[in-house]
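Numbering (the numbering used here) for the sequence shown: 23 to 278. Virtual Cβ for every residue (Gly too), placed ideally from N, Cα, C. Model, not experiment: these values are computed from the prediction.
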Amino acid sequence: MRILTTGVLSGFGKAVHERFGGEGLAFTRPERERELDRARRFAPEVIIHCAANPARDMSAGDLLTVLEDNVLLTRDLTKIPHRKFIFLSSIDVYAVPPGPHREDTPLDPRLPRNLYATTKMLAEAAVRLQCSDHVIVRSSAMLGRHARRNALMRMLEENPCRLTLSGESSFYYVLYEDLLDFLAAAMDRGLRGTYNAAAAAPVTLAAAAERLGKTVSFGDYRYGCGTIDNSRIVAECPAFRKTSLDAVEEFLKQRV
Numbered sequence: 023m024r025i026l027t028t029g030v031l032s033g034f035g036k037a038v039h040e041r042f043g044g045e046g047l048a049f050t051r052p053e054r055e056r057e058l059d060r061a062r063r064f065a066p067e068v069i070i071h072c073a074a075n076p077a078r079d080m081s082a083g084d085l086l087t088v089l090e091d092n093v094l095l096t097r098d099l100t101k102i103p104h105r106k107f108i109f110l111s112s113i114d115v116y117a118v119p120p121g122p123h124r125e126d127t128p129l130d131p132r133l134p135r136n137l138y139a140t141t142k143m144l145a146e147a148a149v150r151l152q153c154s155d156h157v158i159v160r161s162s163a164m165l166g167r168h169a170r171r172n173a174l175m176r177m178l179e180e181n182p183c184r185l186t187l188s189g190e191s192s193f194y195y196v197l198y199e200d201l202l203d204f205l206a207a208a209m210d211r212g213l214r215g216t217y218n219a220a221a222a223a224p225v226t227l228a229a230a231a232e233r234l235g236k237t238v239s240f241g242d243y244r245y246g247c248g249t250i251d252n253s254r255i256v257a258e259c260p261a262f263r264k265t266s267l268d269a270v271e272e273f274l275k276q277r278v
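Structure follows, in structure tokens:
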């Protein structure tokens, strides 16, 4: 199977490319048109689109860049002939808590939590419009060997650790290997549609810090994503029955 993966320099895209092989493209901005040409020449059967701009620490002058990185690139990729398109989205597309948030929950474009969520919502729309055989993976925070430095990673690596997030901030954590197993199942079984890739239950940062044995100076901003219904992905990949704390503990064992 000819698999094209985007965003392979770091993060989950790198893990996907290591697992499935095929053609891997970074889609750095100066090389974008050249890499799109490479993608077309590769003639992929499956496109796994992981590249994204997290839209952090932005100014007004960065808005067009984020649009190009997260929406227009997705649209361009959907136009490359393919058999299946897998898009890594985010549970942030759901409105603020409480939920429960299911895959068939109507998304309200007036209520995304931030610009990143808005661009993911727009990119999902492009995928649904252009790709008859698609899988949209609305992922929660991810833990793995190439994972970007989220709050949990900072607690592990920084001593002392100071966060702007409050200890009551609540996250769903999933492991790279469980997500990779789900992608394999999606390709092998011909799965289609949208899946919430989240654990069975969230964990607060305070509880995670206690489990890690870390003393953390928390801030005041409380993040929460409400209740995420993961029953659809559990039916295909039972590993998602584990809780976020289960995932954290497995990740700690992997790091030993």
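- Going by other Cβ atoms of all chains shown within 10 Å of its Cβ, with 16 needed for buried, is residue 160 buried or exposed? Residue mapping note: residue 160 aligns to position 138 of the sequence shown, counting from 1. The residue is buried, with at least 16 neighbouring Cβ atoms inside 10 Å.
- Beta-carbon contacts of residue 98 that lie in its chain and below 7 angstroms, excluding the five residues immediately before and after: Position 76 of the sequence shown holds residue 98. If we look at residue 98 and ignore the five residues flanking it on each side, its Cβ neighbours are 58.
- Message: Is the beta carbon of residue 49 closer than 7 angstroms to that of residue 25?
- Response: Here residue 25 corresponds to residue number 3 of the sequence shown, with the count starting at 1. Here residue 49 corresponds to residue number 27 of the sequence shown, with the count starting at 1. It is not a contact, given that the beta carbons lie outside the stated cut-off.
- Query: In whole angstroms, what is the alpha-carbon distance linking residue 150 and residue 156?
  - Reply: By one-based count along the sequence shown, residue 150 stands at place 128. By one-based count along the sequence shown, residue 156 stands at place 134. C-alpha separation (whole angstroms): 7 angstroms.
- Message: According to DSSP, is residue 240 part of a helix, a strand, or is it coil?
- Response: For the purposes of this step, residue 240 is taken as residue 218 along the sequence shown, with counting starting at 1. Three-state result, residue 240: coil.
- Simplified DSSP state of residue 125, which is helix, strand or coil: One-based indexing of the sequence shown puts residue 125 at position 103. Coil, per DSSP.
- Query: What are the boundary residues of the beta strand (DSSP E) that residue 164 is part of?
  - Reply: Reading the sequence shown from its first residue, position 142 is the one you call residue 164. First-last of the beta strand (DSSP E) with residue 164: 163–165.
- Query: Which ranges does the beta strand (DSSP E) cover as unbroken runs of at least 3 residues, wholly within the segment 48–119, from first to last along the chain?
  - Reply: 68–71 and 106–112
- Jot down the residue ranges of each uninterrupted alpha helix (DSSP H) in the segment 141–199, minimum 4 residues, whole runs only, in chain order. 173–179
- Query: Which residues share a DSSP beta bridge with residue 274?
  - Reply: As a first step, residue 274 is located in the sequence shown; it is residue number 252 there, counting from the start. Residue 274 pairs with nothing; no bridge assigned.
- Query: Mapping DSSP to helix, strand and coil, what is residue 220?
  - Reply: Here residue 220 is taken as the residue at index 198 of the sequence shown, counted from 1. Coil, per DSSP.
- From residue 124 to residue 187, what does the alpha carbon distance come to, in whole angstroms? If you number the sequence shown from 1, residue 124 lands on position 102. If you number the sequence shown from 1, residue 187 lands on position 165. About 26 angstroms.
- Message: The beta strand (DSSP E) that contains residue 26, what's its start and end?
- Response: Against the sequence shown, residue 26 aligns to sequence position 4. Here the beta strand (DSSP E) through residue 26 covers 25–28.
- Report yes if the C-beta distance between residue 217 and residue 171 is below 7 angstroms; otherwise report no. Along the sequence shown, read from residue 1 onward, the residue named residue 217 stands at position 195. Along the sequence shown, read from residue 1 onward, the residue named residue 171 stands at position 149. The answer is no: Cβ separation not under 7 angstroms.
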